[in-house]
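Asks: Top to bottom, those sequences are chains A and B.
The numbers in full-length UniProt numbering rise by one with no breaks, and the one at position 11 of the first sequence is 11.
The numbers in full-length UniProt numbering rise by one with no breaks, and the one at position 3 of the second sequence is 3.
Dumping the structure here so I can ask a few things about it.
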Amino acid sequence: MDNDTTDASTLAFGSLFPPPTSASSESDPILSVAEVYTITNHFINSSNDDDANDVLKKVHAYGRRFHGMGMSGISTAVQFEQLNNMLQDLRDVLLKKAFVSNTTGEELRLHEYEASKLMDLMSTTSTSDEAKCLIPSLKKFTDGQVEEYLELVKKAKLKISDIS
Amino acid sequence: MFYVKWIPHSVVLSPVHFGPKLYSTITRLVESSVEGTALSHYGYIIRVLEVPEDRMRGGVIEYDSGEVTYEVEYKALVFRPFKNEVVDSVVVDVNQLGFFAHLGPLRIFVSQHLFPSDVNGIEGGGFDGNSWVSEDGVVAIREGVGVRLAIIGATVEEGNITAVGTINEDFLGLIDVGEGEGM
Chain A
1 MDNDTTDAST LAFGSLFPPP TSASSESDPI LSVAEVYTIT NHFINSSNDD DANDVLKKVH
61 AYGRRFHGMG MSGISTAVQF EQLNNMLQDL RDVLLKKAFV SNTTGEELRL HEYEASKLMD
121 LMSTTSTSDE AKCLIPSLKK FTDGQVEEYL ELVKKAKLKI SDIS
Chain B
1 MFYVKWIPHS VVLSPVHFGP KLYSTITRLV ESSVEGTALS HYGYIIRVLE VPEDRMRGGV
61 IEYDSGEVTY EVEYKALVFR PFKNEVVDSV VVDVNQLGFF AHLGPLRIFV SQHLFPSDVN
121 GIEGGGFDGN SWVSEDGVVA IREGVGVRLA IIGATVEEGN ITAVGTINED FLGLIDVGEG
181 EGM
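Following this line, the structure appears as structure tokens:
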């Protein structure tokens, strides 16, 4: 493991996620805990106890506790599908929203890691200070720009909590 | 960090497996050999999502054994911790040195030296035999609570990944008091 060179606070993930070479280049998806929970829930429900490996079961239990989406009432396949669509919509809107840097004039967008961490760690009352403290790479955005991202997360979480 | 990745893998098959079910045999072998394991570069392989036939290269015969090696690429859901990543975890063991927390299959140790000073006893609080308690008694880190921590290092040993974390930074520490308690 390349421990010496990776650093999530600077988006340095080594050869696993090299810096994008163009604006249109695609990277492997980095998932939020809620998204992982919907995936593991599908596999847990479609297999018997013998098929699910221990790591899958532990990740599923972790996702059930720490998804951060206030969706304790979700249990049916239809609800999970609805949730999955909402999470994908949130991810899409977070990754598509762009700003222009006040200092360099370059276009600023969220990295996949930043989008997933906003979905994981931010609550409906989180501030830009908290976001920048927990996700230091967000310091490239102004407080107002981070607040706009937080507003998107807040709206989505409130909508998700209404799923019943 | 949870992510989806295409990962290369070699599958060795003896001739008894050749036939119309070759593809499903290769898929089953990939799943059984990697799921639940920790790969040093990628992290924990949680689940194999896809083993597409068009990502399998033709087999190479091993002249000594007669077995055939297939190079395949599978898509997997993976987890790997990164330095300075902030994560939520559940405390599983508390002792005088600090506490252990679990994030899925990952075991994270947080030393009491990396607690806030009003919890580790330097400016107040301390270990009461079961939990680390803050000076004002509001925060009690004990088995079963949820904690937000920052990973400061991770190592791999024999296919197992362990990590070390800290809660001595802003917005880190206790987040819930047990299963069912929300953030």
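Using N, Cα and C, we set each Cβ at its ideal position, and we do this for glycine too.
Since the structure is predicted, the reported quantities are computational estimates derived from the model, not experimental observations.
Taking the beta strand (DSSP E) that R109/A belongs to, which residues open and close that run?
Replies: E107 to R109
Asks: Taking only beta-carbon atoms, is V105/B less than 8 Å away from chain A?
Replies: It should be noted that the sequence gives Pro, not Val, for residue 105/B. Judged by the 8 Å Cβ criterion, P105/B is in contact with chain A.
Asks: Given that L150/A touches chain B, what residues does it touch there, using C-beta distances under 7 Å?
Replies: Per Cβ cutoff of 7 Å: no residues; L150/A is ~14 Å from chain B at best.
Asks: For residue 189/B, write down the residues that DSSP places opposite it in a beta bridge.
Replies: This structure gives no information on residue 189/B, because the portion of chain B shown stretches from 1 to 183.
Asks: Going by CA-CA distance only, name the one from H42/A, I44/A and L16/A that's closest to Y42/B.
Replies: L16/A
Asks: Could you work out which residues of chain B lie near L56/A, taking near to mean beta carbons separated by less than 8 Å?
Replies: E35, G36, I46 and R47
Asks: Would you check if the segment 23 to 32 of chain B and the segment 81 to 99 of chain B touch, i.e. whether three or more CB-CB distances between them fall below 8 Å?
Replies: no
Asks: Is the Cβ of T125/A closer than 8 Å to any Cβ of chain B?
Replies: no
Asks: For the alpha helix (DSSP H) that contains V110/B, what are its first and last residues?
Replies: Careful: V110/B lies outside any alpha helix (DSSP H), inside the beta strand (DSSP E) at L106 to S111.
Asks: In the DSSP assignment, the beta strand (DSSP E) including F2/B goes from what residue to what residue?
Replies: F2 to L13
Asks: For the segment 130 to 152 of chain B, which residues have a CB atom closer than 9 Å to at least one CB atom of chain A, in sequence order?
Replies: G146, R148, A150 and I151
Asks: Between D92/A, Q145/A and V153/A, which lies nearest to N102/A when the distance is taken from Cα to Cα?
Replies: Q145/A
Asks: With D54/B as the anchor, note down where its beta strand (DSSP E) starts and where it stops.
Replies: No beta strand (DSSP E) contains D54/B, which DSSP labels as neither H nor E.
Asks: Please report the Cβ distance between I175/B and D88/B, rounded to the nearest whole angstrom; I am assuming they are in contact, meaning their Cβ atoms lie under 8 Å.
Replies: 6 Å
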